[in-house]
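Protein sequences appear in the order of chains A and B.
Counting from 456, one number per residue, gives the positions in the first sequence under the working numbering.
Counting from 24, one number per residue, gives the positions in the second sequence under the working numbering.
Ideal Cβ positions, reconstructed from N, Cα and C, are used throughout, including at glycine.
Report on one structure; see the data block that follows.
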Amino acid sequence: MSIINGLVHAVDFSTSLPSTNMMKGLYAGTVGARIGAARSKEELREVATRDIPGWVTFFYGASVIQNVVGYVLDKLTPSSANGVSLIKGPGSQKSFLSMLNPLTKYRVRSFDDLKALKDTIDPKNYKDLMRNKSTVFVIGMAVAIAILGLFIPWLNVQITRKQMLNQEQGKKDNSTMKFSPALNMTPDPGFRPTLNKVI
Amino acid sequence: MYLNSVLSKANNYQEKPLKQMGYPAHRAKSSQGDSVSFKGVPVTKILTALENNPILSLATIDVLGMITPRTLIELNRNKKELGHLNWDAGREMLTNQSLASVGLYLGPGYVFNKVGQKLLDSKLNPLGVNTKAFTNFDTLKAIELKVQDILKTQALAGNKTISVNELRKMVAKGLLEDVRAYSSVADKPLKLSADLIDDVVREVGNTFKHANIDKTASQFARSQLRSEFKTAFEAAKGTLLKEAAAKGIANPDMAALTKEAAKLAKESLKGLTQTTETAVKKSLMANREKGVTAFINKLLPKMTKHLKETEVTLAVKGAKPITTNAGIVVRDVFTATDDVIAKAAKGVDNIGIDKMRGEVDKIIKSTRTLKIAKVVLPFVLVLAFLMLLPKFVVWMTKKITGKEEFPGLAGLSKDSKGNSDKVAFSSTENKAQPAANTATQPLPVPVSTNVNNAPQATNLPNKTPTGWEEFLRRYER
Chain A
456 MSIINGLVHA VDFSTSLPST NMMKGLYAGT VGARIGAARS KEELREVATR DIPGWVTFFY
516 GASVIQNVVG YVLDKLTPSS ANGVSLIKGP GSQKSFLSML NPLTKYRVRS FDDLKALKDT
576 IDPKNYKDLM RNKSTVFVIG MAVAIAILGL FIPWLNVQIT RKQMLNQEQG KKDNSTMKFS
636 PALNMTPDPG FRPTLNKVI
Chain B
24 MYLNSVLSKA NNYQEKPLKQ MGYPAHRAKS SQGDSVSFKG VPVTKILTAL ENNPILSLAT
84 IDVLGMITPR TLIELNRNKK ELGHLNWDAG REMLTNQSLA SVGLYLGPGY VFNKVGQKLL
144 DSKLNPLGVN TKAFTNFDTL KAIELKVQDI LKTQALAGNK TISVNELRKM VAKGLLEDVR
204 AYSSVADKPL KLSADLIDDV VREVGNTFKH ANIDKTASQF ARSQLRSEFK TAFEAAKGTL
264 LKEAAAKGIA NPDMAALTKE AAKLAKESLK GLTQTTETAV KKSLMANREK GVTAFINKLL
324 PKMTKHLKET EVTLAVKGAK PITTNAGIVV RDVFTATDDV IAKAAKGVDN IGIDKMRGEV
384 DKIIKSTRTL KIAKVVLPFV LVLAFLMLLP KFVVWMTKKI TGKEEFPGLA GLSKDSKGNS
444 DKVAFSSTEN KAQPAANTAT QPLPVPVSTN VNNAPQATNL PNKTPTGWEE FLRRYER
């Protein structure tokens, strides 16, 4: 009962738009069905290459990239040394590795967060934070879009192309050898005893 | 027509008190001046909207990163070899991605709001729980604990009955007092100020009339149908008098006749009363939502300024702490006061504490069950749709092209042009054939007298024998 309860809690939503958790489950189901419906091993490999990393990038890519770029940018911006940091977390110790984990409590502050801080912090610091936040947000989205839309499909097309061309090449090579079976067999130790025996 | 006129009257009836309470006519505008704009485009505003709506940002990534570029890449795939655009691959990708996205974003909401709503409102909701104002399970638990705790305290203080509106105010106050904001600027968790709590509690107290939607709707429907009732009553009375005259009764019992006529009139108007009531209820509910939203929009900037945070934690004793947007917490307070307490009280002003505890329990239990049904149903239905989609795409390609193969390979391989069998037989080593094929047609392992070489002989099926090898094998036997 507690498992069912947990599942229902996970997909809980109360508006006309589903919760992100529900979407994760639904999209995972779609990916599974696509893998199941693959018609050849090439398609199977393409779907697996595209949709499994695609799932991760779709749901976590933008925020993880945002965190990582935000961490770097925060280190590079000198004014944030005395003021408020762009990174928010439960303690003061934040490491680069913790920013790579999408489930971590360390993350780049949200826009609303920064707006709430506006009256309490130094205006220059606020301006820097706002600019950095806008930059990292746009970079996060752009990189996620590039990975999903350009890199993964390009990789798929290239791998399949190369494999198929190699295969065709292999066929051509073999067909030239058709008339000299002995040549074809010599490197194969499996046939040697039979041959020896016969000869 | 009749219903329309009733509804417009109901709207006017409701709008007047809303205006008197000082609801702003439009949404409160967010503070200007802190947004970055680029050539007149408010960049920060757009980015904030994207960040605050995870679904919106996912949809943006989906359209810009999955549907459009992937379709274009598939369309241009092996263009050189084919001599034209790869329509099959492009169509497959577009159908797969776009239908999956539509199902993913709009499917659950559609099922939740249309199918689920209809199903629940038809039969499964005898208590009339407001299935639209569902909050999440943890908040529901927190509300239950808070209400029961307050009722218990009142019972221990020796009270037998309690004013429903007072209870609503107490619950609102109790919930808001449990709100904490863990601001990174302040060292300690911040609480809501007494002024802000008072604002909400006053609002809750003022809207008691609008919380009692069932009662207000039935009263209003009855008042609107008074003239219709009079006409129906007169008609029924006339019919009854005629019947009495026909039977030869000179002096019929007028009191009994009036009673009978009233009963008949009520019966004939039953359908109309119900329709009117439902329609008025719907309209009142929409108006209430509007009022609450307007109030929250007005309150939220003040709250954020005070707490220095937009996210707050509702930590009711005994329940799991819920961290969410401050606006959602205020909305949940209205859910607790209107959809739980006012609903449980069923329109009375004072109620016995013991009875109230039972009623609240019933409402919460019913809400939880209905909510599970309403949340699980969309998940199952949409998942089924999304999982059938790839099969549908394969079927569609087969229907259009007549071939059941992956269009991404078109132009690259001879196999994909339909002469795979010829290629396989003519080649010396058919690498193109998957390993599974050779497994289904195992070649006879040559009988070898040399035991040491036996394991190597099992490699044979991978190397397809030529005619020469076959000859050798036969010769051996």
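Annotation for B:ARG380: GLN171, LEU174 place their beta carbon closer than 7 Å to its own, counting only its chain and skipping 5 residues before and after. Every alpha helix (DSSP H) stretch that sits fully inside the segment 281-333 of chain B and reaches 4 residues is listed by chain position as 293-330.
The alpha-carbon separation between B:LYS282 and B:TYR133 amounts to approximately 48 Å. Contacts with chain B at 8 Å (Cβ-Cβ) do not include A:THR590.
Residue range 373-375 is occupied by the beta strand (DSSP E) that includes B:GLY375. Interface residue (Cβ-Cβ distance to chain B less than 8 Å): A:THR504 is not classified as such. Contact residues of the segment 555-572 of chain A toward chain B are ARG564, SER565, PHE566, ASP567, ASP568, LEU569, LYS570, ALA571, LEU572 (C-beta to C-beta distance below 9 Å). In the structure shown, B:PRO65 falls within a strand segment according to DSSP collapsed to helix, strand and coil. In terms of CA proximity to A:GLY538, A:LYS573 leads the group A:LYS573, A:PHE551, A:ARG562.
In the DSSP assignment, B:VAL202 falls outside any alpha helix (DSSP H) and within the unbroken beta strand (DSSP E) covering 202-204.
Closer than 8 Å to the CB of B:LYS141 there is not a single CB belonging to chain A.
In the structure shown, the three-state DSSP call for B:SER186 is strand. The DSSP-derived three-state label of B:ASN159 is coil.
Interface annotation for the segment 507-528 of chain A against chain B: GLY509, THR512, PHE513, PHE514, GLY516, ALA517, criterion Cβ-Cβ distance under 9 Å.
Spatial neighbours of B:SER206 in its own chain (CB-CB distance under 6 Å, excluding positions within 5 residues in sequence) are listed in chain order as LEU213, LYS331, GLU332. Rounded to whole angstroms, the separation of the alpha carbons of B:HIS107 and A:LEU610 is 22 Å.
Put simply, the CB of A:GLY484 is near chain B, with a gap under 8 Å to one of its CB atoms.
At least one CB of chain A lies nearer than 8 Å to the CB of B:ILE96. Counting only Cβ-Cβ distances below 8 Å, B:LEU81 has contacts in chain A at THR475, MET478, PHE513, PHE514, in chain order. The contact set of B:ASN75 on chain A, defined by CB atoms closer than 9 Å, consists of SER565, PHE566, ASP567 in chain order. Closest by C-alpha distance to B:LYS164, out of B:GLU428, B:PHE402, B:ARG391, B:PRO430, is B:ARG391. DSSP, reduced to helix, strand and coil, places A:LYS543 within a strand of the structure shown. Each residue's CA atom was taken as its position, placing B:PRO77 and B:ALA255 some 56 Å apart. By the criterion of at least three beta-carbon pairs nearer than 8 Å, the segment 371-389 of chain B is not in contact with the segment 73-88 of chain B.
Not flagged as an interface residue toward chain A: B:GLU312, since no C-beta distance is shorter than 8 Å.
Residue-level contact by beta carbon fails for A:PRO578 and chain B, as no gap is shorter than 8 Å.
Residue range 110-133 is occupied by the alpha helix (DSSP H) that includes B:ASN119.
A residue is called buried once 16 or more other Cβ atoms fall within 10 Å of its Cβ, and A:LYS570 is buried on that count. B:MET326 and B:ASN75 have their C-alpha atoms roughly 18 Å apart.
By the Cβ rule, the segment 516-524 of chain A counts as touching the segment 599-617 of chain A, because three or more pairs are nearer than 8 Å. The Cβ-Cβ distance between B:VAL187 and B:ASN373 falls below 8 Å. DSSP places B:ILE345 inside the beta strand (DSSP E), whose first and last residues are 345-348. Unbroken alpha helix (DSSP H) runs of no fewer than 4 residues, entirely contained in the segment 466-505 of chain A, are found at 475-491, following chain order. In this model, B:LEU411 and B:ALA359 are separated by some 40 Å (Cα to Cα).
For B:LEU81, the uninterrupted alpha helix (DSSP H) segment begins and ends at 77-85.
Within the segment 416-432 of chain B, the residues whose Cβ lies closer than 8 Å to any Cβ of chain A are, in chain order, VAL416, VAL417, GLU427, GLU428, PHE429, GLY431, LEU432.
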